[in-house]
């Protein structure tokens, strides 16, 4: 799987949009971008994933650059409960043993009141 | 619906004792995964079950670790003769069987925090 680079920490004011960047310059054509988060003392939680088009669901939006070398996770109206470590991973969606999730250090997002 | 559940939520044991951790996956999820997460570290894959296929045990760190799954439901992870380095949060996840064109959305339980004294 391609390596990703994320800032170690970010702060965001409650109610504002949180924009979390991820660089994946060595991503392959068949690798998806996935985002998970882990709130303190809880298991990881799936947020969103995409291949090349922008994606939106009830939790967040994912913006992938045209060259696919970077992406941004957007939480449109951050709440205190969104304080967590956010992990960006890239992985092939089928074949082999790609079901093994591997997280890096991630970005600790702190939402401040 | 109900998510992935794990028990116990916390377990403190003495070095050398055996422990058994339980995972109840989401109903209908045929794939089940065990991971370990040491304090401040990322996920470490342990084992993967899918239907009646042979499990992928490639992540088990030693022969003291074993896991079983009953059909497509409950799984237990057993650690024999526990050591202090086994202290970690043990996470279980489940998913639908990943289709070639599908996604691998793994849904995690809250984990079992194991402390070996």
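Chains as they are written, first to last, in the working numbering: chain A, 1 to 113; chain B, 1001 to 1117. By construction, the Cβ of each residue, glycine as well, lies at the ideal position given by its N, Cα and C atoms. Quick caveat: nothing in here was measured; it's all calculated off a predicted structure.
| What number of angstroms, rounded off, separates the C-alpha of residue 1040 of chain B from the C-alpha of residue 66 of chain A? | Residue mapping note: residue 1040 of chain B aligns to position 40 of the second chain, counting from 1. Residue mapping note: residue 66 of chain A aligns to position 66 of the first chain, counting from 1. In a straight line, the C-alpha of residue 1040 of chain B is about 34 Å away from that of residue 66 of chain A.
Mind listing the chain B neighbours of residue 76 of chain A? Cutoff is C-beta to C-beta under 9 Å, in chain order.
Looking up residue 76 of chain A in the first chain gives position 76. Residues of chain B passing the Cβ test: none, with the nearest at roughly 21 Å.
query = By how many angstroms is the C-alpha of residue 1052 of chain B removed from the C-alpha of residue 1097 of chain B?
reply = Walking along the second chain from the start, residue 1097 of chain B turns up at place 97. Walking along the second chain from the start, residue 1052 of chain B turns up at place 52. Approximately 12 Å, taken between the alpha carbons.
Would you give the residue range spanned by the beta strand (DSSP E) that residue 1061 of chain B belongs to?
Position 61 of the second chain, counted from the first residue, corresponds to residue 1061 of chain B. Here residue 1061 of chain B belongs to no beta strand (DSSP E), and DSSP marks it neither H nor E.
Count the other C-beta atoms from every protein chain shown that fall within 10 angstroms of the C-beta of residue 1012 of chain B, then say buried if there are 16 or more, exposed otherwise.
Position 12 of the second chain, counting from 1, holds the residue named residue 1012 of chain B. Residue 1012 of chain B comes out exposed.
- Is there contact here, the region 1069–1080 of chain B with the region 1016–1025 of chain B, by at least three beta-carbon pairs under 8 Å? yes
Find the residues of chain B that neighbour residue 104 of chain A, judging by a C-beta separation of less than 7 Å, and give them in chain order.
Locating residue 104 of chain A in the first chain gives position 104, where the first residue counts as 1. The contacting residues are 1042.
**Request:** Please check if any C-beta of chain A sits within less than 9 Å of the C-beta of residue 1091 of chain B.
**Result:** Locating residue 1091 of chain B in the second chain gives position 91, where the first residue counts as 1. By this cut-off, residue 1091 of chain B is an interface position.
Residue-level contact to chain A via CB, residue 1105 of chain B, 9 Å cutoff: Working through the second chain from its first residue, we reach residue 1105 of chain B at position 105. Judged by the 9 Å Cβ criterion, residue 1105 of chain B is in contact with chain A.
For a test of the three-state rule: what should DSSP assign to residue 1096 of chain B, helix, strand or coil?
Counting from one through the second chain, the residue named residue 1096 of chain B turns up at place 96. Reduced to three states, the DSSP call for residue 1096 of chain B is coil.
Q) Quick one: is residue 13 of chain A buried, meaning 16 or more other Cβ sit within 10 Å of its Cβ, or exposed? A) Numbered from 1 along the first chain, position 13 holds the residue referred to as residue 13 of chain A. Its Cβ having fewer than 16 others within 10 Å, residue 13 of chain A is exposed.
- Query: Around the Cβ of residue 1101 of chain B, are there at least 16 other Cβ atoms within 10 angstroms (buried) or fewer (exposed)?
  - Reply: Along the second chain, one-based indexing puts residue 1101 of chain B at 101. A caution first: residue 1101 of chain B carries a pLDDT of 49, below 50, which makes its placement in the model unreliable, though a value can still be read off. Exposed, by the Cβ-count rule.
In the DSSP assignment, find the unbroken beta strand (DSSP E) run with residue 3 of chain A in it and report its ends.
Position 3 of the first chain, counting from 1, holds the residue named residue 3 of chain A. First-last for residue 3 of chain A: undefined, no H or E at that position.
Practice item. Using a Cβ-Cβ cut-off of 9 Å, state whether residue 1054 of chain B counts as contacting chain A. Key: Counting from one through the second chain, the residue named residue 1054 of chain B turns up at place 54. Output row for residue 1054 of chain B: interface = no.
- Item | Three-pair Cβ contact test at 8 Å for the region 77–90 of chain A versus the region 102–109 of chain A | yes
**Item:** Other residues of its chain near residue 1036 of chain B: CB distance less than 7 Å, five sequence neighbours each side excluded
**Value:** As a position in the second chain, residue 1036 of chain B is number 36, starting the count at 1. 1044, 1046, 1088 and 1090.
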